[in-house]
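Okay, so the sequence shown: first residue is 208 according to this note's numbering, each after it adds one.
Note that beta-carbon positions come from the ideal geometry of N, C-alpha and C, so glycine has one too.
I have placed the structure first, in the form of structure tokens, so that the comments after it can refer back to it.
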Amino acid sequence: MKNYIIVMALIAFFSCGDGSSEKTETNGMQTSNSAVENENKIIPNQNLQQNGDYSELFNRNPKNCMLMEAKEIATELQLSEDRSVFVSNSYGNCAFSLKLNDGSPTKVSFMFIEWDKKTIQKELDSFRDIESSFGADNDEGILVVSDTRDTNFGIRKARGDLFMLNPNYNGAILIRFGGVIEESTNKVTYTDAQKNERLNNAVTIANYLLKKYKK
């Protein structure tokens, strides 16, 4: 229980310091990458059967958050390489600064969380309870399934958090993709399209990590 409280405190700490210092004005640019409509990226939660071994991804040193390089992020998000730059590795929180195709800045970061299987199951149940109470399109907690059909992504859209949760392993991966804290830091209000793009980017990266580390 003590470790769980420490982990949540660290997550809250990086929430306050993970925003980009750049300022930009949103231009209302629309995109077809709707997080709700894109069935290839987000599918309903279901009972999952394991399709691979992800020990290398989930069983790791907490300080080892370099899950992918800046070049890989640019490739997966279809950005030019100069739009994806590694920023820092601070206390096991690896951050990358991105400039999206609409010109707006954002950050993506990775953090390994030392949760045991019981805690991961508890988190999954919590996401399910929130989704059951507030619907599948709420901003506080939804569950979606990976392209590999064997791992859950717990998403808090408002905060800009995606948790990679697999109850078959100890440990979870937190991907930060830009939420209300980033908006506050950059002094902007993102359009729905821009919010969806950031969410879809996180889902794309999470799916890539599963494919990269699958044995």
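Asked, Found
"Classification of D332 by the beta-carbon crowding that lies within 10 angstroms, buried from 16 upward", "exposed"
"L350 - DSSP class collapsed to helix/strand/coil", "strand"
"A379 beta carbon less than 7 Å from that of I337", "no"
"Span separating the alpha-carbon of E283 from that of F303", "14 Å"
"DSSP state of K421 mapped onto helix, strand, coil", "coil"
"A409 in three-state terms, based on DSSP", "helix"
"Start and end residues, beta strand (DSSP E) containing F341", "From DSSP, F341 is part of no beta strand (DSSP E) but of the alpha helix (DSSP H) over 324–341."
"Cβ-Cβ distance between D354 and L255 below 7 Å", "no"
"Own chain, CB closer than 6 Å to T411, minus 5 neighbours either side, in chain order", "E283"
"Contact under 7 Å by Cβ, N408 with K324", "no"
"Cβ neighbour criterion (16 or more within 10 Å) applied to N308", "exposed"
"Cα-Cα separation, V292 to Q285", "14 Å"
"Sub-7 Å separation of L369 and I382 beta-carbons", "yes"
"Beta-carbon proximity list for C272, same chain, < 7 Å, skipping 5 on both sides", "N296, G299, N300, C301, F317, M318, F319"
"For N271, the three-state DSSP class (helix, strand or coil)", "coil"
"CA-to-CA distance, T398 to V294, given in whole angstroms", "26 Å"
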